[in-house]
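Numbering (the working numbering), first residue to last: 50 to 424.
Every residue gets a Cβ at the ideal spot worked out from N, C-alpha and C, and that includes glycine.
Encoded as structure tokens, the structure appears first; notes follow it.
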């Protein structure tokens, strides 16, 4: 099965945003929320996997793809923390959170919470959340297909309840919503709903979300939570609306190479960018922000070379130190694929034939899943 390269490109952009945000620490970067995109993409790919395999096999595949690189990272961190003499700060409950984050309520928490060392584990909450959503993804999919209104009512009610006193619950429900929107995107329902109202959706969600977040992020957490949700949906709507214009450009060989590299090493980049940031903070080199960003990029690339092959092993691909672009035959478009593309030009500009209207021999802008990462 093949999919649009656009999803992988969105994930690459989201990963870059995560690194920049953690390197700068600026709340201004939060205006471009990356996690909604990442969970949306994960939900879309999860729905596609459920079309081909049983839920139990999908869950096993997801866990293998995530846990093998994660445990490799954890082994390296245990060695690092041991060398620094801080292993004693990890409680038995925290060890459980590290080894099997899906069964831990607290999540992975390591040593040095009040120091820069927390950068080596503070972003692992995403791994835990992804594992939880992968585990309940099958029931969520059935609920979304059979009783969507009840599902959205439950998500909305829990989000409001969490925003009123349990921010962690509201955040979790927001990511569940993004995951389920990914299901709907796979079914083509997002295209059907968004096409006639794309401009209005963006004009409402963008300004309202910006005002709610930037105006209340330090004063009213409840309002700010809704602001983050609105901003997340704004960027998601904008990204889907721009797909028909950007996706053809991504078919160039250089663009496909960069996107494939990010896709095959997405988990390695996410896991190791925190360690890279910790190293740069400890070095405290002159140049402040620019030096930190450049140094972090160099260290992340080094981590990809040294540890990235674990993603190949987890995906049952031949291990490579540097991921390569799939061969022309492997990445040849499949004429049977009918991707959900939101072609807004039919309403707001000259109509251009979409892949659905192309002949069976026409090119289809899709990419090989041989480079698909777990996220």
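Is the separation between the beta-carbon of residue i and that of residue j shorter than 8 angstroms?
i: residue 176; j: residue 112; result: no
i: residue 211; j: residue 205; result: no
i: residue 285; j: residue 89; result: yes
i: residue 346; j: residue 321; result: no
i: residue 165; j: residue 331; result: yes
i: residue 432; j: residue 281; result: Since the first residue shown for the chain is 50 and the last is 424, residue 432 is missing from the structure and cannot be characterised.
i: residue 364; j: residue 109; result: no
i: residue 128; j: residue 228; result: no
i: residue 96; j: residue 231; result: yes
i: residue 173; j: residue 157; result: yes
i: residue 182; j: residue 225; result: yes
i: residue 356; j: residue 121; result: yes
i: residue 151; j: residue 123; result: no
i: residue 323; j: residue 334; result: no
i: residue 288; j: residue 148; result: no
i: residue 117; j: residue 362; result: yes
i: residue 318; j: residue 64; result: yes
i: residue 99; j: residue 190; result: yes
i: residue 72; j: residue 342; result: yes
i: residue 313; j: residue 241; result: no
Can you give the Cα-Cα distance for residue i and residue j, rounded to whole angstroms?
i: residue 197; j: residue 300; result: 35 angstroms
i: residue 450; j: residue 298; result: Residue 450 lies beyond the range of the chain shown here (50 to 424); nothing can be said about it.
i: residue 373; j: residue 260; result: 43 angstroms
i: residue 403; j: residue 244; result: Because the pLDDT of residue 403 is 41, which lies under 50, any placement of that residue in the model is unreliable, and the number read from its coordinates should be weighed accordingly. Cα-Cα distance, rounded: 14 angstroms.
i: residue 55; j: residue 291; result: 10 angstroms
i: residue 278; j: residue 194; result: 23 angstroms
i: residue 399; j: residue 68; result: Residue confidence for residue 399 is low, a pLDDT of 42 falling below 50, so the modelled location carries little weight; the figure read from the coordinates is stated next. Cα to Cα, residue 399 sits roughly 38 angstroms from residue 68.
i: residue 336; j: residue 326; result: 15 angstroms
i: residue 233; j: residue 239; result: 6 angstroms
i: residue 188; j: residue 200; result: 11 angstroms
i: residue 93; j: residue 138; result: 39 angstroms
i: residue 167; j: residue 70; result: 16 angstroms
i: residue 103; j: residue 340; result: 48 angstroms
i: residue 59; j: residue 154; result: 30 angstroms
i: residue 250; j: residue 220; result: 22 angstroms
i: residue 348; j: residue 178; result: 26 angstroms
i: residue 213; j: residue 257; result: 19 angstroms
i: residue 302; j: residue 366; result: 22 angstroms
i: residue 66; j: residue 130; result: 27 angstroms
i: residue 53; j: residue 162; result: 40 angstroms
i: residue 222; j: residue 207; result: 7 angstroms
i: residue 142; j: residue 105; result: 28 angstroms
i: residue 82; j: residue 135; result: 33 angstroms
i: residue 184; j: residue 354; result: 30 angstroms
i: residue 294; j: residue 252; result: 19 angstroms
i: residue 215; j: residue 307; result: 40 angstroms
i: residue 74; j: residue 237; result: 37 angstroms
i: residue 283; j: residue 101; result: 31 angstroms
i: residue 309; j: residue 84; result: 20 angstroms
How is the alpha helix (DSSP H) around residue i delimited, first residue to last?
i: residue 82; result: Note, residue 82: premise wrong, no alpha helix (DSSP H); not H, not E.
i: residue 171; result: From DSSP, residue 171 is part of no alpha helix (DSSP H); its letter is neither H nor E.
i: residue 188; result: 186–195
i: residue 57; result: 54–73
i: residue 307; result: 302–313
i: residue 115; result: 104–133
i: residue 216; result: 216–236
i: residue 162; result: Unbroken run through residue 162: none, as it is neither H nor E.
i: residue 142; result: 141–148
Consider the Cβ of residue i: report whether some Cβ of chain B lies at a distance smaller than 8 angstroms.
i: residue 197; result: Of the protein chains in this structure there is only one, and it is not chain B.
Taking its Cβ as the centre, do 16 or more other Cβ atoms sit within 10 Å of residue i, making it buried, or is it exposed?
i: residue 378; result: A caution first: residue 378 carries a pLDDT of 45, below 50, which makes its placement in the model unreliable, though a value can still be read off. With fewer than 16 Cβ atoms within 10 Å of its Cβ, residue 378 is classed as exposed.
i: residue 57; result: buried
i: residue 329; result: buried
i: residue 170; result: buried
i: residue 186; result: buried
i: residue 13; result: The structure shown does not extend to residue 13, since the chain is modelled only from 50 through 424, so no value can be given for it.
i: residue 370; result: exposed
i: residue 338; result: exposed
i: residue 358; result: buried
i: residue 140; result: exposed
i: residue 202; result: exposed
i: residue 368; result: exposed
Discussion item. So within the region 286–372, which uninterrupted alpha helix (DSSP H) runs reach at least 4 residues, ignoring any that extend past its ends?
Written reply: 292–295, 302–313, 315–332, 337–356, 358–363, all fully within the region 286–372.
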